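> So the sequence shown is numbered by our numbering: it starts at 508 and just counts up by one.
I am attaching a structure below and will ask some questions about it afterwards.
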Amino acid sequence: DEGAYADLARAQVRQGQHRQAIASYEAALRINPADTQLHEELAETWMRLGQWRNALAVIDRVLQLDPTRLSALIRRAECFMQLRQFPQAIHDFERVLAADPSQTTSRFNLASLYLASDRLADAAAQYRLVLERMPDAADVHMQLGKVLPLIGQPREAIQHLEQVLTLQSDHPEAMMRLSWLLSTQPDAAIRDGERAAQLAMQICEKQSYRHPLGLDALAAALAELGRFEEALQWARQAEQILRVHDVREVR
Numbered sequence: 508d509e510g511a512y513a514d515l516a517r518a519q520v521r522q523g524q525h526r527q528a529i530a531s532y533e534a535a536l537r538i539n540p541a542d543t544q545l546h547e548e549l550a551e552t553w554m555r556l557g558q559w560r561n562a563l564a565v566i567d568r569v570l571q572l573d574p575t576r577l578s579a580l581i582r583r584a585e586c587f588m589q590l591r592q593f594p595q596a597i598h599d600f601e602r603v604l605a606a607d608p609s610q611t612t613s614r615f616n617l618a619s620l621y622l623a624s625d626r627l628a629d630a631a632a633q634y635r636l637v638l639e640r641m642p643d644a645a646d647v648h649m650q651l652g653k654v655l656p657l658i659g660q661p662r663e664a665i666q667h668l669e670q671v672l673t674l675q676s677d678h679p680e681a682m683m684r685l686s687w688l689l690s691t692q693p694d695a696a697i698r699d700g701e702r703a704a705q706l707a708m709q710i711c712e713k714q715s716y717r718h719p720l721g722l723d724a725l726a727a728a729l730a731e732l733g734r735f736e737e738a739l740q741w742a743r744q745a746e747q748i749l750r751v752h753d754v755r756e757v758r
C-alpha cells in the first residue's frame, strides 16, 4: 500500500539509495497522487541528485494541489537558484517572506539573489534583517562588508568587517577588504593607515608573501602611511606574481 512504499522510500533515502527511493515514492504516489508530503519528499530526493528540473516538475504538482504551501515555494525557489533563474527565485522567496517573515534562510537567499541581480540596496536591507535574528552570523557581516562600500556606506562596512574579525580573527577576506577600505577611502576621517598595514602584514605573513592581493593591500597601506618606496617595492612584487598566475581580484 501507499504507506509501505513511502516507508521503503524513506529507508532507501537514509541508505543513500536515491534512485531506488524515487521509484518507491512514485509507486506510493500512483496510489495516492494527492499526497503533498510525498510529492515534496520526492522533490527533495531529486534535489539531492542535483536534478533540479525534475524536482521543479514535482514541486509544481504540489503547488497545484496547495498553492500556498511555503515549504514547496522554498524548494522551488532553491531549484530556480540552482538553475540561475534569478527572477523566478526572487519572486518565490518574496512570496515566502510575505507569508512568514521569520524564514531567515530564505531571507539570506533573497539577499544573495538581489546582490547577484545588482540590486545592492535591496540586498543590504535584507542582510540587515537577517542580522536582527542572527547577530553573530559572520557570513552575513561579511556580505554587508562587501555590499555597503558599493552603495556609499563605507563606515558601516568597516563596522561589519571588524565584527567578522571579532567572530573569526583569522578571516582572510575580511582582513583584506578591511585593509583596503582603511587605506583607500577618499574620506581622511575613515582612513587608518596603521590598522590597514597591520592587517595587510597579517595577510602577507599567512600567505608567505606570495599572494599578489595581499602584497597590493600592503602596498596601499604603506602608501597611506607615506612610505612610498616600500609601497612601490611590494606593488612591483605583486605585479611580477600576476604575470605568472591568474589571481582573482577581491577589491
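For every residue, glycine included, the Cβ atom is placed at its ideal position computed from N, Cα and C.
Since this is a predicted model, take the numbers as computed values, not measurements.
Please report the distance separating the alpha-carbon of Arg755 from that of Gly721.
Because Arg755 carries a pLDDT of 49, less than 50, the predicted location of this residue cannot be relied on, and the following value inherits that uncertainty. Answer to the nearest angstrom: the Cα atoms are 12 Å apart.
> Verify whether the separation of the beta carbon atoms of Phe593 and Leu620 is less than 8 Å.
In this structure, Leu620 lies closer than 8 Å to Phe593 by Cβ.
> Counting C-beta neighbours from all protein chains within 10 Å, is the total for Leu739 16 or more, i.e. buried, or is it exposed?
exposed
> Residue ranges of each alpha helix (DSSP H) run of no fewer than 4 residues wholly in the segment 658-713, ordered along the chain?
If we require 4 residues or more, the alpha helix (DSSP H) runs fully inside the segment 658-713 come out as 661-674, 679-691 and 700-713.
> In angstroms, rounded to a whole number, what distance separates the CA positions of Val603 and Leu577?
6 Å
> Pick helix, strand or coil for Gly652, following the three-state DSSP scheme.
helix
> Considering only residues of the same chain and omitting the five flanking positions on each side of Arg582, which have a CB-CB separation below 8 Å?
Glu547, Ala550, Glu551, Met554, Ala562 and Ile566
> Report buried or exposed for Gly510, applying the criterion of at least 16 other Cβ atoms within 10 angstroms of its Cβ.
The residue in question, Gly510, is exposed, as its Cβ has fewer than 16 Cβ neighbours within 10 Å.
> Cα separation between Asp508 and Ile538?
When rounded, the distance between both Cα atoms is 7 Å.
> Count the other CB atoms, across all protein chains shown, that sit within 10 Å of the CB of Gly652; report buried if there are 16 or more and exposed otherwise.
buried
> Taking C-alpha atoms, which residue in Ala605, Ala606, Leu655 and Phe600 lies nearest to Thr612?
Phe600
> Exposed or buried, Ile658, counting other C-beta atoms within 10 Å across all chains shown (16 or more means buried)?
When all chains shown are included, Ile658 counts as exposed.
> With a threshold of 16 other CB atoms inside 10 Å of the CB of Asp625, please say whether the residue is buried or exposed.
exposed
> Can you tell me whether Val757 is buried or exposed? The criterion is at least 16 other CB atoms within 10 Å of its CB, across all chains shown.
Residue confidence for Val757 is low, a pLDDT of 43 falling below 50, so the modelled location carries little weight and cannot support an answer.
> Which stretch, first to last residue, makes up the alpha helix (DSSP H) that contains Asp567?
Unbroken alpha helix (DSSP H) run through Asp567: Trp559 to Leu572.
> By a C-beta neighbour count over all protein chains shown, 10 Å radius and 16 as the cutoff for buried, is Ala528 buried or exposed?
Buried, because 16 or more other Cβ atoms sit within 10 Å of the Cβ of Ala528.
> Cutting at 7 Å between CB atoms, please list the residues of its own chain near Arg568, excluding the five before and the five after it.
His546
> Assign Val754 to one of three DSSP states: helix, strand, or coil.
The predicted position of Val754 is uncertain, since its pLDDT is 48 and thus under 50; no value can be drawn from it.
> Counting only the same chain and skipping the five closest in sequence on each side, list residues whose C-beta sits under 8 Å from that of Gln692.
Residues Pro661 and Arg698 of the same chain have their beta carbon placed closer than 8 Å to that of Gln692, with the five preceding and five following residues left out of the count.
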